[in-house]
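Position 162, counted from 1, in the sequence shown is what full-length UniProt numbering calls 162; the numbers after and before it change by one each time, with no gaps.
Ideal Cβ positions, reconstructed from N, Cα and C, are used throughout, including at glycine.
To start, the structure itself, in structure tokens.
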Amino acid sequence: MSLGNVANAGRLTELSGVLRTCQAGAFKADFLSWGFYPTSPWRNYWHRHSFYEVCLAYGGAGRFSTGDEHHEVGAGDLFLARPGDVHEIESSHTDPLGIAFWSFTLRAGPHGPSPAERGWWSGLTDPTGPTVSRRAGSLASLLTVLAEHAAPVRSGYESALAGLGAALVVDTARAFAADDDLSALPPAVSRLSPAVVAMQRYLSDNLSRPMTVRDVAAAVHLSERHAERLFRQETGTSLIATLRRQRLDLAAVLLLDTGTTVTEVAQACGYLDVRAFSTAFRRLHGHSPLAHRALKGTLHL
Numbered sequence: 001m002s003l004g005n006v007a008n009a010g011r012l013t014e015l016s017g018v019l020r021t022c023q024a025g026a027f028k029a030d031f032l033s034w035g036f037y038p039t040s041p042w043r044n045y046w047h048r049h050s051f052y053e054v055c056l057a058y059g060g061a062g063r064f065s066t067g068d069e070h071h072e073v074g075a076g077d078l079f080l081a082r083p084g085d086v087h088e089i090e091s092s093h094t095d096p097l098g099i100a101f102w103s104f105t106l107r108a109g110p111h112g113p114s115p116a117e118r119g120w121w122s123g124l125t126d127p128t129g130p131t132v133s134r135r136a137g138s139l140a141s142l143l144t145v146l147a148e149h150a151a152p153v154r155s156g157y158e159s160a161l162a163g164l165g166a167a168l169v170v171d172t173a174r175a176f177a178a179d180d181d182l183s184a185l186p187p188a189v190s191r192l193s194p195a196v197v198a199m200q201r202y203l204s205d206n207l208s209r210p211m212t213v214r215d216v217a218a219a220v221h222l223s224e225r226h227a228e229r230l231f232r233q234e235t236g237t238s239l240i241a242t243l244r245r246q247r248l249d250l251a252a253v254l255l256l257d258t259g260t261t262v263t264e265v266a267q268a269c270g271y272l273d274v275r276a277f278s279t280a281f282r283r284l285h286g287h288s289p290l291a292h293r294a295l296k297g298t299l300h301l
């Protein structure tokens, strides 16, 4: 985390009206304000908001008070005022506090978690949770990048800023969440090796072109023998059998377009000989290409 970069992120204030909203999982966040205080003496007297306000101190020292709690804060500290929290921030006069801050509302959609469910969002929504954290994680980097995207506005800014805004909301909540709330099952991953996945992709991307095992093996920098053995070991079938099946499955889809001839479909699927194509298609699908078209892809048993 580079707090030094945050010290130069004064352009965060230019995000007002530019980054308005984002979707963070099942939650919608509406951003209300962006702020930046340089390291000079200042004080925000007791007040409260109807939204979440979060501050990251990038330098100096000060005190954050909420309710009956008083916290000495300094560089690297993150402090949070939840909706309704009466709070005050006072900068030191001898070592002035510098902060970047952002505020937003957070509401769950119709398919959001129940009130009893907990997750990353609990760091914000649990009123008994901490209000000061030193687990700022990637927030300094996110704020720096957001400031860089603030101006000038360029094509695609909506998508870029919405993604960064969602990351900001999630990482803000994580900083105040309990460790148990952050546990999650890892996503399901393919059991196939990267080389086999790359070979499968190569096959599907080149169905209309003449292809040999050598071509596929070269694409993943393996010998033909090694590529074939690895592919069969992980998928249970050979490269050529997989290629043939993919071509004929594609043909079954293309044949439903009556604006193409069987010859054109055969060529689009890598068959130069329409007779060989028809024979292979019948062997796999149980009827000729013309019958498949007449049946509109439906096999009546």
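Burial state of residue i, where buried means 16 or more other Cβ atoms lie within 10 Å
{"i": "residue 305", "result": "Here the chain covers residues 1 to 301 and nothing more, so residue 305 does not appear."}
{"i": "W34", "result": "buried"}
{"i": "Y45", "result": "exposed"}
{"i": "R247", "result": "buried"}
{"i": "E53", "result": "buried"}
{"i": "V262", "result": "buried"}
{"i": "R209", "result": "exposed"}
{"i": "L203", "result": "buried"}
Close Cβ partners of residue i (< 7 Å) along its chain, the five nearest in sequence each way excluded
{"i": "W42", "result": "S91"}
{"i": "R20", "result": "D30 and F31"}
{"i": "A173", "result": "W120, W121, G123 and L124"}
Nearest residue (CA-CA) to residue i, options the options
{"i": "H111", "options": "R293, G25 and A7", "result": "G25"}
{"i": "R293", "options": "R283, L284 and L256", "result": "L256"}
{"i": "D77", "options": "E148, G67 and A61", "result": "A61"}
{"i": "G137", "options": "Y37, S2, V145 and G129", "result": "S2"}
{"i": "F51", "options": "V169, D249, T39 and T13", "result": "V169"}
{"i": "T242", "options": "T263, M211, S223 and P113", "result": "M211"}
{"i": "A268", "options": "A140, E72, T279 and A252", "result": "A252"}
{"i": "G10", "options": "D68, E148 and A291", "result": "E148"}
{"i": "Y37", "options": "S16, E117, G59 and D68", "result": "G59"}
{"i": "residue 302", "options": "D273, D205, R191 and L254", "result": "The requested residue 302 does not occur in the structure, where the chain is confined to residues 1 to 301."}
Residue i to residue j span [Cα, whole Å]
{"i": "S65", "j": "A184", "result": "33 Å"}
{"i": "A57", "j": "A81", "result": "14 Å"}
{"i": "K296", "j": "S103", "result": "56 Å"}
{"i": "S159", "j": "F176", "result": "27 Å"}
{"i": "E88", "j": "Y157", "result": "34 Å"}
{"i": "residue 356", "j": "R107", "result": "With the chain covering only 1 through 301, there is no way to say anything about residue 356."}
{"i": "E14", "j": "A150", "result": "6 Å"}
{"i": "C22", "j": "R48", "result": "24 Å"}
{"i": "R135", "j": "A195", "result": "38 Å"}
Own chain, CB closer than 8 Å to residue i, minus 5 neighbours either side, in chain order
{"i": "E228", "result": "V213, A217, S238 and L239"}
{"i": "S193", "result": "L230 and E234"}
{"i": "L250", "result": "L207, A268 and C269"}
Sequence-distant residues of the same chain with beta carbon closer than 6 Å to residue i, five excluded per side
{"i": "C55", "result": "F79, I99 and F101"}
{"i": "F277", "result": "A266 and Y271"}
{"i": "N5", "result": "T144"}
{"i": "A188", "result": "none"}
{"i": "D171", "result": "G137, S138 and L139"}
Nearest-angstrom beta carbon gap, residue j and residue i [assumed within contact, 8 Å]
{"i": "L142", "j": "A167", "result": "6 Å"}
{"i": "A219", "j": "A198", "result": "7 Å"}
beta-carbon residue i near the ligand MG non-hydrogen atom, thresh 7 Å
{"i": "P186", "result": "Questions concerning the ligand MG fall outside what the structure shown contains, since it holds no ligand whatsoever."}
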